[in-house]
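Here's the structure, in structure tokens; my notes come after.
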Amino acid sequence: MNPRPKLRSPPLPSPSSPPSPKSLTPNLNNKMPPRKLNLKPTTLTLATTLFSILALYVFFNTFIFPNPPNNSTTRNSLFGFREKNTHNFPPVKVYMYDLPRKFTYGVIESYALARGGEKQRDDSLLKYPGNQHSAEWYLFSDLNRPSRERGDSAVTRVMDPEKADLFYVPFFSSLSLVANPIRPGTVVAPGDRPVYSDEEMQESLIEWLEQQEYWKKNNGWDHVFICQDPNALYKVVDRVKNGVLLVSDFGRLARNQASLVKDVILPYSHRINTYTGDIGVENRNSLLFFMGNRYRKEVID
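Under the UniProt record's numbering, the final residue of the sequence shown carries the number 301; numbering is consecutive throughout.
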């Protein structure tokens, strides 16, 4: 009977013959192709958004609000940014022109007369008709308040034009645009009620301004006009474009007439009555205004 064959172990490498370098070292000539980053558009958009938010946060905390918060001068605002109290900055000194009555209360009266109203002897009885462009009334009323009631305002009214930083022209341009519901020349006004003409009122305003010393001094560069309706002051806008325009958007203004550099976009006054319940605006600390597009859909280059 044959004995069971023995299993032989594999031969051990000889100490005198070290393993070949080729067997231990990878082939450097066969380089692996570089991996491509396959970032989807959604990933890129998200990364860009996060980077933008971070950059804005760093910018605001480094340059705009570098000081630590102080309860007496700052308060928490939206997104954790600190909102500085306006008392830390000198107020803007504004001189408001005492325009002839026809440019202010006269416009309100003309609006009422064109709709069957009666003349009022006391201007305080005239009520500005609420509409989405009533910022001109609120600015006028605010600057007419006694200074003791405007202690927290960032704007202070000065009665001496020599001390003014800006000159406000309180013409009710948006209300003037719609004061007459019928176009001039298409109807004869009854009795002693002449047909109101917005174009004539605009021309009359410029004629009055051009006689003023401080208008001629800087050619209107330091004057402020409110023309919140997109068609307000349309006839004379080229003659007031040097000044600061308070507008709703730039849709019907040329590039050489308005820009974000010198002008201010105002929010509309809401045409729906404000809710006055427990969560009404009186109990809120932050005001948000969704600006939307700066240009109207019919704008043409």
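C-beta: ideal position from N, C-alpha, C; glycine also. All values derive from a computational prediction rather than experimental measurement.
Check the Cα spacing between valine 107 and each of Gln202, Asp238 and Gly280: the tightest is with Gln202.
A contact between stretches requires three or more CB pairs, one per stretch, nearer than 8 Å, and the stretch 254-271 fails this requirement with the stretch 165-172. DSSP places isoleucine 206 inside the alpha helix (DSSP H), whose first and last residues are 198-209.
By the C-beta density criterion, glutamate 149 is exposed, having fewer than 16 other C-beta atoms within 10 angstroms. Below 8 Å, enough C-beta pairs join the stretch 174-181 and the stretch 103-117 to call them touching: three or more. Annotation for arginine 239: the continuous alpha helix (DSSP H) segment containing it runs 237-240. Taken through DSSP and simplified to helix, strand or coil, arginine 101 comes out as helix.
Distances from the CA of serine 147 to each of Trp137, Gly117, Tyr138 and Met159 were compared; the closest alpha carbon is that of Met159. Distances from the CA of phenylalanine 225 to each of Gln211, Phe103 and Phe89 were compared; the closest alpha carbon is that of Phe103. Fewer than three pairs of CB atoms, one per stretch, sit closer than 8 Å, so the stretch 212-225 makes no contact with the stretch 121-134. Each residue's CA atom was taken as its position, placing tryptophan 221 and isoleucine 265 some 18 Å apart. Following the DSSP letters along the chain, one finds valine 178 inside the alpha helix (DSSP H) bounded by residues 173-178. Annotation for phenylalanine 140: Pro170 place their beta carbon closer than 6 Å to its own, counting only its chain and skipping 5 residues before and after.
At the C-beta level, lysine 93 and threonine 48 stay beyond 7 Å of one another.
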